[in-house]
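Going down the list, the protein sequences come from chains U and H. Per my numbering, the first sequence starts with residue 1, numbered consecutively. Per my numbering, the second sequence starts with residue 101, numbered consecutively. For each residue, glycine too, the CB sits at the ideal point set by N, CA and C. Fair warning: this is a prediction, and the values are worked out from it, not measured in the lab.
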Amino acid sequence: MTRLNPEFAEEMKHFGEDTALACFNCGTCAAICPLLYEHFPRKMIRYIQIGAKDRILQNAQELWKCLHCGLCTQTCPREANPGEILLGLKRMVVDHWRKS
Amino acid sequence: MTDEKKKSNGPSERIGVYLCYCGGNISDHVDVEDVRSRMEKLPGVAVARTNMFMCSDPGQEMIMEDLKNGAVDRVVVASCAPSLHEKTFRSAISRAGKNPFIYEHANIREQVSWVHHGNAATDKAARLVSAAAAKAAHLVPLEPIRVDALRHATVVGGGIAGLRAAKDLADRGIVVTLIEKTPFLGGQLARLDRIAPTGDKASDLVCELAGQVLAHPNATVLTCAQVDDFDGYIGNFTLSVKIQPPADPKIPEGSAKGTDRPDLPGRFIPFAGVLPENPPEKEAAVKLNTGVIVLATGFSSYRPRQGLYGFGTSDAVITLPELIRKMAGRPAAGSLLTIDGRKIRSVAMIHCVGSRQIPGIHPEDESGHLNEYCSRTCCGATIHAANQIRETFPETRVYDLYRDIRTYGRGQEELYDQAAKNGVVFLRFRPEAEPEVSFADPADSFALKVNVVDTLTFGEELEVPADLVVLSTAMEPSDVSDLVEMMKLPVGADRFLLEVHPKLRPVELPKGGILLAGTCQAPFDVGESCNAAGAAAVKASAILAKGYVELDPFVAEVDAARCTGCGDCVEACLQEGALSLIPVQVEGQEGKRAQVTPALCLGCGACVAVCPENAIDVNGMTLKQYEAMVESIVSDQTAA
């Protein structure tokens, strides 16, 4: 069971990410993403919303599969900018790796 | 009817039968010309004609021409359902200068060509049209029933809808009495703070309208008043109103402070409403003679059962109206919301509490009801409150647990957008897996936890830490069972009052002269309530404007020569007051005879069925007319 942690969304602001909460989970980004991973990148964005940092770290390798083609950002109906969110997550993961 | 009367008033010999092709809708399956030639041979039929579209101008003119030159004195049109064009043809007859009640309609589209094919279709059409012609032969001209209408309206309920209706009626010069059960005007709206989506102050809305009604020379307001007896009919209702001192005569706190609008009468008491005058100390009764009644009896807020989402087991579980009240007028005393002295770090708001209940999933209430409807206003109100919290107390987190978000209407989707910008986190649950609210572990700093299977997180179970759980409770209709019983009002499966037609006659009830305004009919927001109230006021003034009301003449009529005064009809009558026995002098003896009050009669025919003397008939649907129809249907005279 995951306990909601609102602090994580705040923490992400340090890594230049401030749009994850605009996402309303429509899944357009996951549908348009050429990588064909299940629910990628929406899953990562949802994990920010609920503050599941450990899940993101567990699945961090997925982030580096992203080609940064920009299709998700282009099609996002909420202008949540999924491409930028993924970049922010990469910065967070690298920072975490350095600290540990 | 006596035999002599029969002779003098025999069946018509000049019936006109007009058959419609409906542009192929009928003629593709019914041989209309064949039906025409069969009708022509029927006794009493003077002319039988066809047209591609009988409802077209040439079609109607054909009928009018035959009437004007005296070729026909009864009209039968065989076309679509009478609900579509019966009025059209009756009006054509009126325009030809004849009585519109010499008309009979046969439906050969919905009842024939759309459901049958081939010879069988043509034969059935012929039978239906011949039956209509047989009835038409016995039709007599009738006059609409005209009843005087009192130029007075009564509005039941002093919430926003009742106030709006009363103001609109008074402005049109109609004398209005508004009856309100409580000592206050403003209804449920007065118990709110700022209204979604515009942020208007509820007290401003209530004060403005209540002030206008109280100041209006045409309007009288009776508070602590309830209708306890009802009689009469459209244009002429009698109401008896009981005025009772309130059970709790104490005026709520804040009464010392008047309204901030000294120009308006009455004083506003927060979360109670406008108090026009001090509540009465003695019981009183008022009799009202009124032409129309506008029902604006409103709604009540759903009370969750004990234990639902922890309601009643913890003070930290409250309803949305309670939250609104507790938050009202609270200055931003810090970065955290404070409720009942407790600092609230996290709020979980749960939607659809008591709304959209599903049989088999949600338990019925103690009286066996489920609220299967959407209450419509709660999504907007919940998200509005969530935004208020996030914008005023930025350290207080808000979690919004929903089944579906329905922020319909102007300015409401923007609220939802704003909520995302404000960092409200949404979680979505399925109705069969509702969130569970429980006390948090003693080691936890939060008071409660809400466990939810979140479909947005791929069906994972999440735990929401919460200091406060807010339930977005449904709108339920006010208990008006006494009025329903008294006025014989129709009630829908959802227990709200039921209009005649949801699209075309949305504020009318089947009983003429009684209209609906606001949330007694369905969950509405403030604007929609005022719309409905305005519509009801227009309908009411349309009824009263002429000073009289015309009703269809299809009501019972007693043949005094045959009536023996046995009273069977009075006993069978479904509408109280429509039939009564009156004393008469018969050949020097005291006797009794049945008498119809036409404005009350429903024309149902229950009296006709029980009369042992055949002394009572419903005009336009007499036994003789029906016997002629039946004879025609079973005879072979229409066979090809």
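Three-state secondary structure (DSSP) at N631/H? On the second sequence, position 531 is the one that residue 631/H refers to. Correct three-state label for N631/H: helix.
Check whether chain U comes within 7 Å of T557/H, counting only Cβ atoms and requiring the distance to be less than that. Here residue 557/H refers to the residue found at position 457 of the second sequence. It does: the Cβ of T557/H has a partner Cβ on chain U nearer than 7 Å.
For L4/U, which residues of its own chain have a beta-carbon under 7 Å away from its beta-carbon, when the five flanking residues on both sides are left out? Start at 1 with the first residue of the first sequence, and residue 4/U comes out as number 4. Excluding residues within five positions, the ones whose Cβ falls inside 7 Å are I50, G51.
Residue range of the unbroken alpha helix (DSSP H) whose run includes L548/H: Taking the second sequence and counting its residues from 1, one reaches residue 548/H at position 448. Counting along the chain, L548/H falls outside any alpha helix (DSSP H), though it belongs to the beta strand (DSSP E) covering 548-554.
Nearest by alpha-carbon distance to E204/H: which of S179/H, A220/H, G197/H, A384/H is it? Translated into positions along the second sequence, residue 204/H becomes position 104. Of S179/H, A220/H, G197/H, A384/H, the residue nearest in Cα terms is S179/H.
Run the CB neighbour count on P463/H, radius 10 Å, all protein chains shown included, and call it buried at 16 or more, exposed below. Position 363 of the second sequence, counted from the first residue, corresponds to residue 463/H. The residue is exposed, with fewer than 16 neighbouring Cβ atoms inside 10 Å.
Is it a yes or a no for the region 125-143 of chain H touching the region 214-225 of chain H, going by three-plus beta-carbon pairs under 8 Å? yes
Less than 7 Å between the C-beta atoms of V176/H and V117/H, yes or no? By one-based count along the second sequence, residue 176/H stands at place 76. By one-based count along the second sequence, residue 117/H stands at place 17. The answer is yes: Cβ separation under 7 Å.
For V93/U, count the other beta carbons within 10 Å of its own beta carbon; 16 or more makes it buried, fewer makes it exposed. Which is it? Taking the first residue of the first sequence as position 1, residue 93/U is located at position 93. Flag for V93/U reads buried.
Give the interface partners of A520/H over in chain U, defined as CB-CB distance under 9 Å, in chain order. Translated into the one-based positions of the second sequence, residue 520/H becomes position 420. The contacting residues are L21, A22, C23, F24, R78, A80.
In the structure shown, what three-state DSSP assignment does S581/H receive? In the second sequence, the residue the question calls residue 581/H occupies position 481. Helix, per DSSP.
Whole-number beta carbon distance between V710/H and V658/H, since they are thought to touch under 8 Å: For the purposes of this step, residue 658/H is taken as the residue at position 558 of the second sequence. For the purposes of this step, residue 710/H is taken as the residue at position 610 of the second sequence. About 13 Å separates the two Cβ atoms, so there is no contact after all.
Mapping the DSSP letters down to three states, classify Q689/H as helix, strand or coil. Along the second sequence, read from residue 1 onward, the residue named residue 689/H stands at position 589. In this structure, Q689/H counts as strand in the three-state DSSP scheme.
Determine the closest residue to S578/H out of G613/H, G720/H, I274/H, F399/H, with distance taken between C-alpha atoms. What you label residue 578/H is simply residue 478 of the second sequence in a count that begins at 1. Out of G613/H, G720/H, I274/H, F399/H, F399/H has the C-alpha closest to the C-alpha of S578/H.
Figure out for me which residue from I505/H, D544/H, H469/H, L437/H has the closest Cα to the Cα of F493/H. For the purposes of this step, residue 493/H is taken as the residue at position 393 of the second sequence. It is L437/H.
Residues near C669/H in its chain [Cβ-Cβ closer than 7 Å; skip 5 each side]: Here the question's residue 669/H lines up with position 569 in the second sequence. Closer than 7 Å at the Cβ level, and outside the excluded window around C669/H, lie L679, A694, C707, V710, C711, I716.
Between G286/H and G259/H, which are expected to be in contact by the criterion C-beta below 8 Å, what is the C-beta distance as a whole number of angstroms? As a position in the second sequence, residue 286/H is number 186, starting the count at 1. As a position in the second sequence, residue 259/H is number 159, starting the count at 1. About 7 Å; that satisfies the 8 Å criterion.
Any residues in the region 54-65 of chain U with a beta carbon nearer than 9 Å to a beta carbon of chain H? Which ones, in chain order? none
Please name the residue, chosen from E186/H, I202/H, L408/H, T323/H, that lies closest to N378/H on a Cα-to-Cα basis. In the second sequence, counting from the first residue as 1, residue 378/H sits at position 278. The shortest Cα separation from N378/H among E186/H, I202/H, L408/H, T323/H belongs to T323/H.
Any beta-carbon of chain U closer than 7 Å to the one on A356/H? Counted from its first residue, the second sequence places residue 356/H at position 256. With a pLDDT of 40 at A356/H, under the threshold of 50, the modelled position of this residue cannot be trusted, and the question is left open.
Skipping 5 residues on each side, what residues in its chain have a beta carbon closer than 8 Å to that of A356/H? Translated into the one-based positions of the second sequence, residue 356/H becomes position 256. Only weak support exists for where A356/H lies, its pLDDT of 40 falling under 50; the value from the coordinates is given anyway. Same-chain partners within the cutoff: there are none.
Determine contact between the region 565-573 of chain H and the region 439-447 of chain H, defined as no fewer than three beta-carbon pairs at a distance below 8 Å. yes
Looking at A236/H and the ligand MN, is the gap between the Cβ and the nearest heavy atom below 6 Å? Of ligands this structure carries none, so the ligand MN is not represented either.
Compute the Euclidean distance between the alpha carbons of G88/U and W64/U, then round it to the nearest angstrom. Reading the first sequence from its first residue, position 88 is the one you call residue 88/U. Reading the first sequence from its first residue, position 64 is the one you call residue 64/U. In a straight line, the C-alpha of G88/U is about 12 Å away from that of W64/U.
Please state the DSSP three-state secondary structure of G373/H. Working through the second sequence from its first residue, we reach residue 373/H at position 273. If DSSP states are grouped into helix, strand and coil, G373/H belongs with the strands.
Taking V374/H as the reference, which of V321/H, R195/H, R136/H has the closest Cα? Your numbering for residue 374/H matches position 274 in the second sequence. Here the closest residue by C-alpha is V321/H.
Report the residue from E534/H, T664/H, M587/H whose alpha carbon sits nearest the alpha carbon of H451/H. Within the second sequence, the letter at position 351 stands for residue 451/H. The candidate whose alpha carbon is nearest that of H451/H is E534/H.
If we call anything under 7 Å between Cβ atoms a contact, is P41/U one with R497/H? As a working note, residue 41/U is residue 41 in the first sequence. As a working note, residue 497/H is residue 397 in the second sequence. For P41/U and R497/H, no; Cβs fall outside 7 Å.
G273/H and G335/H look like a contact to me (Cβ under 8 Å); what is the Cβ gap, rounded to whole Å? Counting from 1 along the second sequence, the entry for residue 273/H is found at position 173. Counting from 1 along the second sequence, the entry for residue 335/H is found at position 235. At roughly 17 Å, the Cβ-Cβ gap does not stay under 8 Å, so G273/H and G335/H are not in contact.
Using beta carbons (cut-off 7 Å, strictly below), is P6/U in contact with chain H? Counting from one through the first sequence, the residue named residue 6/U turns up at place 6. Taking Cβ atoms only, chain H reaches closer than 7 Å to P6/U, which makes this a yes.
Look at the alpha carbon of A192/H and the alpha carbon of N151/H, and state the distance between them as a whole number of angstroms. The count along the second sequence starts at 1 and reaches residue 192/H at position 92. The count along the second sequence starts at 1 and reaches residue 151/H at position 51. In a straight line, the C-alpha of A192/H is about 16 Å away from that of N151/H.
Near-chain U residues of the region 561-591 of chain H - C-beta to any C-beta below 9 Å: E561, L562, E563, V564, P565
From L305/H to M575/H, what does the alpha carbon distance come to, in whole angstroms? In the second sequence, counting from the first residue as 1, residue 305/H sits at position 205. In the second sequence, counting from the first residue as 1, residue 575/H sits at position 475. So the alpha carbons of these two residues sit roughly 20 Å apart.
So, is the C-beta of T28/U closer than 7 Å to a C-beta in chain H? Taking the first residue of the first sequence as position 1, residue 28/U is located at position 28. Judged by the 7 Å Cβ criterion, T28/U is not in contact with chain H.
Coarse secondary structure for F411/H, derived from DSSP in three states: One-based indexing of the second sequence puts residue 411/H at position 311. Note: F411/H maps to strand in three-state DSSP.
In the DSSP assignment, the beta strand (DSSP E) including Y648/H goes from what residue to what residue? What you label residue 648/H is simply residue 548 of the second sequence in a count that begins at 1. 648-651 is the extent of the beta strand (DSSP E) around Y648/H.
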